[in-house]
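Enquirer: Chains A and B are the protein sequences, given in the same order.
Sequential numbering from -8 applies to the first sequence in my numbering.
Sequential numbering from 767 applies to the second sequence in my numbering.
Here it is: the structure, laid out below.
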Amino acid sequence: MSILEYNGAAMIAMAGDECIAIAADRRLGVQYQTVSCEFQKLFQINDKTFVGLAGLATDVQTVAQTLKFRNDLYELREDRKMTPKVFSSQLSALLYEKRFGPFFVEPIVAGLDASNKPYLSGMDLIGAPCFPDDYVVSGTCTANLHGMCETLYRPGLGPDELFETISQALLAGVDRDALSGWGAIVHVITKDGVTTRELKGRMD
Amino acid sequence: MARRYDSSTTTFSPEGRLHQVEYAIEAINNAGTCVGILSKDGIVLASERRVTSGLLAPTKTSEKTYKLANHATCCVAGLTADANILIDQARLRSGRYQFQYGESIPMEQLVEYVCNHKQSYTQYGGLRPFGVAFLFAGYDDEHGYQLYQSDPSGNYSGWKATVIGANNSSGKSLLKNDYDPDGDGTMPDMVTALKLAVKVLNKTMDGATASTSAEKMELFTMTRDANGEFLHKILVKDEVQKIVDEVAAESDVEMAGGAESSQ
């Protein structure tokens, strides 16, 4: 089994009308044995930026802690919040620094920029980014997630419709993957704040 | 006689003094005053802004008060350029501690780290000492709100209230009388602490009249909100003016009372 499939993960981020949604499963496994249904894979950086980390659990946590350190230092030195674009660039640079001994994580970044326009990015474990304007996926069942997103996604959805769309895509995607699922969490970010919901899905 | 022993940091004089360090401390006694006061539910740091030209285009929000971490702030008396180096050191240390232990760095450890860094410039390398004194203010779970003062020698001490910079001795004598007037160990509340800070600055600032002094004062408070998050606030001009006016009114009342009783 590949190192990126050791713990299991599934996550999606989608762009809507002046809003974004980011969702992930909650399973932590050791190969086929499930160990936790409450493992955190989505991390809030500031009011308008989230990052999702899929991959080896220890690297998920270390990268999340490192990103917090870098973000705190940025805010202290520059006296302003990081925009999602800058955060994504920094994450990409952080991963490339470890080019020949990488962190085994494949992140997705989702946020709203200064004018509340949605920002999405996804990258591989050595920091190669892409910047689509519809959705990004990562994890052990990306083929399933891409299929669901391509089918269900429409541009310009409002926060509630976006929540429904991303939730259905995630839940259907994880059901055909043994290594992901066991609970799901969705954050919807608008200019007015963040709404967090837990999804009730199959616990298998 | 001191001439021979004062050009190198790393040389003791025959009387056992480090002259370079003492000269660095002198540099701070010409710098803008900083007052720190511990209150029941927070900390007040008040500073004298030296440069208030209308032509100044400020890039940062402050030249005196700097946030070091969520739970810690400092204010600076001395060479701002030297201070920038040390402030960055403190921020990095705080961030690394948080990364390593998953919790905020205790105040004394942060202060000691910065001070050890300052000390190394008095013992190694043939470099001059940092010409900065700090007031560090912050909170940790072990000891609550704390205030520390540090100087170029790398020495530090904890205080309930203190003053650094120009005229700090007259500021300190005022605090000795007014910080805890009943002598029973009670701490003032935030409002009282702010007014006391303004009173101290009024005394230490040269030629300050009521109309100009509000612009030259920077008042900073650190408190906690209902969720336990720390609020770092530099008061805006109107809020500062309000406190300056209240202090002026109270001292007028005192003067009037004094004048009556002396008749």
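Yeah, the Cβ is synthetic: ideal placement off N, Cα and C, and Gly gets one too.
Quantities reported herein were computed from a predicted structural model and do not represent experimental measurements.
1) I need the DSSP call for T777/B, collapsed to helix, strand or coil.
2) Here's the rule: buried if 16 or more other CB atoms are within 10 angstroms of the residue's CB, otherwise exposed. What is S1017/B?
3) Using a Cβ cut-off of 7 Å (strictly closer), state whether F865/B contacts chain A.
4) Take the Cβ of Q866/B as the centre, count every other Cβ of all protein chains shown within 10 Å, and call the residue buried at 16 or more, exposed below.
5) Using the Cα positions of Y863/B and C28/A, report the straight-line distance between them to the nearest angstrom.
6) State the start and end residues of the unbroken alpha helix (DSSP H) segment that holds G138/A.
7) Just verifying my parser: in three-state terms, what is the DSSP assignment at L862/B?
8) Quick one: residues in its chain with C-beta nearer than 8 Å to the C-beta of A84/A, no 5 flanking neighbours on either side, listed in chain order?
9) F30/A CB to nearest chain B CB: under 7 Å?
10) Measuring only between beta-carbons, confirm whether M60/A sits less than 7 Å from chain B.
11) Which whole runs of the beta strand (DSSP E) in the stretch 945 to 1007 of chain B are 3 residues long or more, in chain order?
12) Under the three-state reduction of DSSP, which class applies to G1023/B: helix, strand or coil?
13) Less than 7 Å between the beta carbons of G897/B and L845/B, yes or no?
14) Would you decide whether Y922/B is buried or exposed? Buried here means 16 or more other CB atoms lie within 10 Å of its CB.
15) Residues of the stretch 52 to 76 of chain A with a CB closer than 8 Å to any CB of chain B: list them in chain order, please.
16) Which word fits H837/B, buried or exposed, when buried means at least 16 other C-beta atoms lie within 10 angstroms of its C-beta?
17) Are the CB atoms of R859/B and Y890/B nearer to each other than 7 Å?
18) Can you tell which of L190/A, T133/A, C140/A has the C-alpha that lies nearest to the C-alpha of G(-1)/A?
19) Considering only their Cβ atoms, is the gap separating D991/B from L985/B smaller than 7 Å?
20) Using alpha carbons as the reference points, say which of R816/B, M953/B, E869/B, S936/B lies closest to A843/B.
21) Kindly list the residues whose CB is nearer than 6 Å to the CB of A899/B, restricted to its own chain and excluding five residues on each side of it in sequence; keep chain order.
22) Entirely within the stretch 78 to 153 of chain A and at least 3 residues each: give me those beta strand (DSSP E) ranges in chain order.
23) Return helix, strand or coil for I871/B, following the three-state DSSP convention.
24) Between the stretch 11 to 18 of chain A and the stretch 176 to 186 of chain A, can you find at least three pairs of beta-carbon atoms closer than 8 Å?
25) Whose Cβ in chain A lies nearer than 8 Å to the Cβ of Q833/B?
26) If the cut is a Cβ gap below 7 Å, which residues of chain A does G861/B touch?
27) So which residues of chain A does R857/B contact, with C-beta pairs closer than 9 Å?
28) Who does T181/A pair with in a DSSP beta bridge?
29) Using 10 angstroms around the beta-carbon of T825/B, count the other beta-carbons present and answer buried if the total reaches 16, otherwise exposed.
30) Check G164/A in the structure and name its three-state DSSP category.
31) Between the stretch 23 to 40 of chain A and the stretch 69 to 86 of chain A, can you find at least three pairs of beta-carbon atoms closer than 8 Å?
Expert: Short version:
1) Here T777/B sits in coil by DSSP.
2) If you draw a 10 Å sphere on the C-beta of S1017/B, you find fewer than 16 other C-beta atoms in it, and that means exposed.
3) Yes, because at least one Cβ of chain A sits closer than 7 Å to the Cβ of F865/B.
4) With fewer than 16 other Cβ atoms within 10 Å, it is exposed.
5) If you take the alpha carbons of Y863/B and C28/A, they lie about 30 Å apart.
6) Counting along the chain, the alpha helix (DSSP H) containing G138/A begins and ends at 133 to 143.
7) Inspection of the sequence shows that residue 862/B is occupied by Arg rather than by Leu. Residue state, collapsed to three classes: helix.
8) Excluding residues within five positions, the ones whose Cβ falls inside 8 Å are G118.
9) No - not a single Cβ of chain B is within 7 Å of the one on F30/A.
10) Checking the displayed sequence, the identity of residue 60/A turns out to be Phe instead of Met. For F60/A, the closest Cβ of chain B is nearer than 7 Å.
11) If we require 3 residues or more, the beta strand (DSSP E) runs fully inside the stretch 945 to 1007 of chain B come out as 983 to 990, 996 to 1000.
12) In the displayed model, G1023/B falls within a helix according to three-state DSSP.
13) The Cβ atoms of G897/B and L845/B lie closer than 7 Å to each other.
14) By the 10 Å Cβ count, Y922/B comes out buried.
15) Residues passing the 8 Å Cβ filter: Q56, T57, K59, F60, D63, L64, L67, R68, D70.
16) Buried, by the Cβ-count rule.
17) No, the pair does not count as a contact, with Cβ atoms beyond the cut-off.
18) Comparing Cα positions, the closest option is T133/A.
19) For L985/B and D991/B, no; Cβs fall outside 7 Å.
20) Residue nearest to A843/B within the set R816/B, M953/B, E869/B, S936/B is R816/B (criterion: CA-CA distance).
21) In its chain, beyond the 5 residues on either side, I794, A843, G844, D917, I930 have a beta carbon closer than 6 Å to the beta carbon of A899/B.
22) Every beta strand (DSSP E) of 3 residues or more that sits fully in the stretch 78 to 153 of chain A is shown, in chain order, as 96 to 103, 109 to 114, 126 to 130.
23) The answer is coil: DSSP assigns I871/B none of H, G, I, E or B.
24) They touch, by the three-pair rule.
25) The amino acid occupying residue 833/B in the given sequence is Lys; Gln does not appear at that position. In chain order: L67.
26) For G861/B, the chain A residues whose C-beta falls within less than 7 Å of its own C-beta are F60, D63, L64, listed in chain order.
27) Near R857/B (Cβ distances below 9 Å), the residues of chain A are D63, L64, L67, R68.
28) Paired residues: C10/A, G184/A.
29) In summary, T825/B is exposed, with fewer than 16 beta-carbon neighbours lying within 10 Å of its beta-carbon over all protein chains present.
30) The answer is helix: DSSP assigns G164/A an H, G or I state.
31) In short, these stretches touch, since the Cβ pair count reaches three.
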